[in-house]
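Residue numbers (mature numbering (1 follows the signal peptide of the UniProt record, and there is no 0)): -23 to -1, 1 to 187.
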């Protein structure tokens, strides 16, 4: 019992010493998944890396390349795409985003969809944007659902998928009134391309497609 207590005290002392050393050196903690998701959603992830004085570059690269964590693959890919704290290398950056997307990262899927939508770093291909957006929308990402409906309303993708895309967005839960109003506007644009009976069916809580 005494030995266990001594080990506990020693552990606490070492932890405290590590925290003091970190504070004195000005070092920064690596981001948690929750922090990183918030930074990505608010589009502040690259700014945060700069604010942290590029001290976490090696940790970020290791988590992306070695541990293959999708959120860090997203961050590392974007650092390479934009030359943040490292030499710009878009070929590696886009490949890293694709790897994250293949692992199911909705954030990476949506970023790739935006690149293909804008024709930034890649050839503009809005039908490919649909391909990247669809799985993220299917897994409940509201931003992906909004982009999917936007693409459908602009005439991209298959008309056979319009009802499903409308249904997903119509039944989504929104973060705020601004997002809800934008979604409503997009739904109205897509509804013009659909028969009234299909729109009404897509508005049901459960979708029973024939």
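Positions of the beta carbon are idealized from the N, C-alpha and C atoms, including for glycine.
Under the three-state DSSP convention, the category residue i falls into
i           : result
residue 66  : coil
residue 131 : coil
residue 11  : helix
residue 171 : coil
residue 162 : helix
residue 32  : coil
residue 157 : helix
residue 150 : coil
residue 184 : coil
residue 138 : helix
residue 24  : helix
residue -10 : For residue -10, the pLDDT reaches just 38, beneath the cut-off of 50, and the residue's location in the model is therefore unreliable, although a value from the coordinates is still provided. DSSP places residue -10 in helix when its eight states are reduced to three.
residue 3   : For residue 3, the predicted model reports a pLDDT of 47, less than 50, meaning its position is unreliable; a value from the coordinates is still stated below. Correct three-state label for residue 3: coil.
Identity of the residue in the options nearest residue i by Cα
i           : options            : result
residue 59  : 97, 82, 45, 41     : 97
residue 82  : 14, 180, 172, 152  : 14
residue 107 : 27, 86, 179        : 86
residue 9   : 176, 119, 37, 64   : 37
residue 149 : 102, 179, 17, 16   : 179
residue 100 : 116, 71, 84        : 71
residue 162 : 171, 126, 55       : 126
residue 152 : 6, 24, 138, 120    : 120
residue 26  : 52, 105, 39        : 52
residue 167 : 131, 40, 88, 177   : 131
residue 92  : 123, 80, 79, 55    : 55
residue 61  : 78, 75, 76, 21     : 21
residue 158 : 173, 12, 123       : 123
residue 17  : 177, 34, 49        : 49
residue 39  : 73, 67, 68, 29     : 73
residue 31  : 6, 12, 19, 170     : 6
residue 34  : 137, 64, 145, 78   : 64
residue 145 : 173, 171, 182, 175 : 182
residue 80  : 94, 142, 41, 69    : 41
residue 202 : 129, 141, 135      : Within the shown structure, residues of the chain are numbered from -23 to 187, placing residue 202 beyond reach of any answer.
residue 137 : 77, 23, 57, 176    : 176
Short CB-CB distance (under 8 Å) between residue i and chain D
i           : result
residue 100 : Looking for chain D here will not work: only one protein chain is present.
Run through the region 39 to 127 for me and flag every whole alpha helix (DSSP H) of 4 or more residues, listed as ranges in chain order.
Every unbroken stretch of the alpha helix (DSSP H) spanning 4 or more residues and falling wholly within the region 39 to 127 is given here in chain order: 47 to 59, 67 to 79, 83 to 95, 103 to 115.
Are at least three pairs of beta-carbons, each pair with one atom in the region 106 to 113 and one in the region 36 to 53, less than 8 Å apart?
The region 36 to 53 and the region 106 to 113 do not touch, with fewer than three beta-carbon pairs separated by less than 8 Å.
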